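To keep things clear, I will list the structure first and then write my remarks on it.
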DNA sequence: TATTATTGTATATTTTTTATACAATAATTT
DNA sequence: AAATTATTGTATAAAAAATATACAATAATA
């Protein structure tokens, strides 16, 4: 594998992805831990090939980390401060891993490439957490789902990026009908409500919520879901395509 | 003045600005015409210096064309298709202006720089049209306000960029209280309504509109405005800072 | 067959939005 | 100086939407 500086990338432009999943009534974010000493977490990121749309680049980055395709994706903001550089992080990383990293010419070239000022395009993705098998890349020590309220300390401005992504998701929830992308193919009305509650961080009155969702006219009702519980079985729904 | 390729710009990244003004009940966009044969119109654009925030770059571009500072500015979208290049436009321009343009080495370097694939960050601005004295740069034959409904045919995807800017402005009109930036320091309630009507392309019931605006609690009422007309004088309002 | 937990549907209440009526005012006309 | 006119400001009525509450339906268990 070629080093980034030798690839045919657009320089000083990166893509950062906030991958949202949903599990146990909580909104989760998929975050890799970097495979070096020093406890560094960073959002799934990457660069844009010369002959690649930025949307394609984001899809590629997501595919590499989640193993799935056709992900719901939304560009939400550009982070472009002049001070936005990997240098402080990289220097810290090198200090922690001085033994492993031999500083030869090639490494110097990589260092120069990485520590330039970067303009980052933020994307957020909504995935069905059950379909995702998180994929460790060469750079990852681990890759885990973290609750949105218990995120690890991340490098650079990556925490800000997550916050901005969440704000966008929350405010677009009624104009874009996208929350269903966090659920499996079929789901009950209660599950939909719990997803909305996790995203909006508030509760809804069950009956009114159901009416509101059904009036969107985007769901089709399927057969009932018999669980063996001592109560009425709920209907299953599916998002109309 | 140095040529762009020799400046300390981030390469392959540009900023395109949609500058909105308001005049005679119409939303206007400030658009320069390029100073070459062939009728080319292009949005006010520019590039980002290495040591410059992208927001600063947008402010600089706006200042250069409008002569005013402290402009209301909002980043709204990135345009990043791989096919997004100036090449078709430049080739056409060269064909029209073959006599003027001598193709020497330096020009070739500029050509190569300009015809690369560019990722463009779209900003829109709201200005008080009375404060703006449109500034022609070296590249401009003219710079004029065009009604949003009578825009000239523009190069590249600049028409799409305007459309996206308008859509964003419309949809953010109630969440961001920004339409006042299109008006002078003081204004009547009727003028506010007409601005909203121009942006939203629909009419409002006067009494309800006024109530809605006043309930935002962002205006302070000043003295009345006596015009000499045979009717009751309206109050003037000012945006609270 | 009664009980229990939970879902689905109907309806009442409250709030917000939209529509309408009318009073107040400043300059003009008579 | 009083009536007229055009326009603004305020109040209120009607309609629609959002929210709260009540209760019927159902599937498994006791």
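Chains as they are written, first to last, in UniProt numbering: chain B, 1 to 241; chain S, 1 to 241.
Note that CB positions come from ideal geometry on N, CA and C, so glycine has one too.
What you are looking at is a predicted structure, and each value in this text was computed from that prediction instead of being measured.
| Check | Outcome |
| --- | --- |
| Mapping the DSSP letters down to three states, classify residue 267/B as helix, strand or coil. | Since the first and last residues shown for chain B are 1 and 241, residue 267/B lies out of range. |
| Can you tell me where the alpha helix (DSSP H) with residue 164/S in it begins and where it stops? | 158–171 |
| I'd like to know whether the C-beta of residue 82/B is nearer than 9 Å to at least one C-beta of chain S. | yes |
| May I ask you to report which of helix, strand or coil DSSP gives residue 98/S? | coil |
| Look up residue 188/S in the DSSP assignment and say whether it is helix, strand or coil. | coil |
| Which chain S residues sit within Cβ distance under 9 Å of residue 75/B? | 77, 78, 80 |
| Please return the same chain residues whose Cβ sits closer than 7 Å to the Cβ of residue 204/S, not counting the five positions on each side in sequence. | 193, 196, 197 |
| I'd like to confirm the pairing. Which residues does DSSP put opposite residue 107/B in its beta bridges? | Partner(s): none; residue 107/B has no beta bridge. |
| Check whether the segment 82–99 of chain B touches the segment 49–68 of chain B, taking contact to mean three or more Cβ pairs, one atom from each stretch, closer than 8 Å. | no |
| Can you give me the start and stop residues for the beta strand (DSSP E) that residue 16/S sits inside? | 9–23 |
| Using the DSSP secondary-structure output, state which residues sit across from residue 75/S in a beta bridge. | 123/S |
| Can you check which of these residues, 165/S, 75/S, 79/S, is closest to residue 200/S by C-alpha distance? | 165/S |
| How long is the line joining the alpha carbons of residue 34/S and residue 135/B, rounded to whole angstroms? | 50 Å |
| Compile a chain-ordered list of the residues in the segment 5–32 of chain B whose CB is closer than 8 Å to at least one CB of chain S. | 10, 11, 12, 13 |
| Please confirm if residue 91/B has its CB atom under 9 Å from at least one CB of chain S. | no |
| Taking the continuous beta strand (DSSP E) assigned at residue 143/B, which residues delimit it? | 140–147 |
| Kindly indicate which three-state DSSP category residue 26/S falls into: helix, strand or coil? | strand |
| What in chain S is Cβ-close to residue 60/B, meaning under 8 Å? | Under the 8 Å cutoff, chain S gives no residues; its nearest Cβ is about 13 Å from residue 60/B. |
| Between the beta-carbon of residue 79/B and the beta-carbon of residue 45/B, is there less than 9 Å? | no |
| At a CB-CB cut-off below 9 Å, which residues of chain B make contact with residue 50/S? | 12, 82, 116, 117 |
| Would you verify that the beta carbon of residue 45/B is, or is not, closer than 9 Å to some beta carbon of chain S? | no |
| Just to make sure I have the definition right: I need the residues of chain S whose C-beta is within less than 7 Å of the C-beta of residue 157/B. Which are they? | Per Cβ cutoff of 7 Å: no residues; residue 157/B is ~13 Å from chain S at best. |
| Below 7 Å between beta carbons is the criterion; list the residues of the segment 116–147 of chain S that meet it against any residue of chain B, in chain order. | 117, 119, 121 |
| Once DSSP output is grouped into helix, strand and coil, what is the label at residue 224/B? | strand |
| Grab me the residues of residue 237/B's own chain with a C-beta within less than 8 Å of its C-beta, minus the 5 sequence neighbours each way, in chain order. | 186, 187, 188, 189, 192, 219, 220, 221, 222 |
| Determine which residues share a DSSP beta bridge with residue 41/S and list them. | 33/S, 154/S |
| From 25/S, 146/S, 155/S, pick the residue whose C-alpha is nearest to that of residue 202/S; which is it? | 25/S |
| Using a threshold of 9 Å, state whether the C-beta atoms of residue 19/B and residue 60/B are closer than that. | no |
| With 16 other CB atoms within 10 Å as the buried threshold, where does residue 244/S fall? | The structure shown does not extend to residue 244/S, since chain S is modelled only from 1 to 241, so the question has no answer here. |
| Could you tell me the boundaries of the beta strand (DSSP E) in which residue 236/B lies? | 235–239 |
| State the Cα-Cα distance for the pair residue 210/S and residue 179/B, rounded to the nearest angstrom. | 36 Å |
| Work out the CA separation of residue 126/S and residue 63/B for me, nearest whole Å. | 39 Å |
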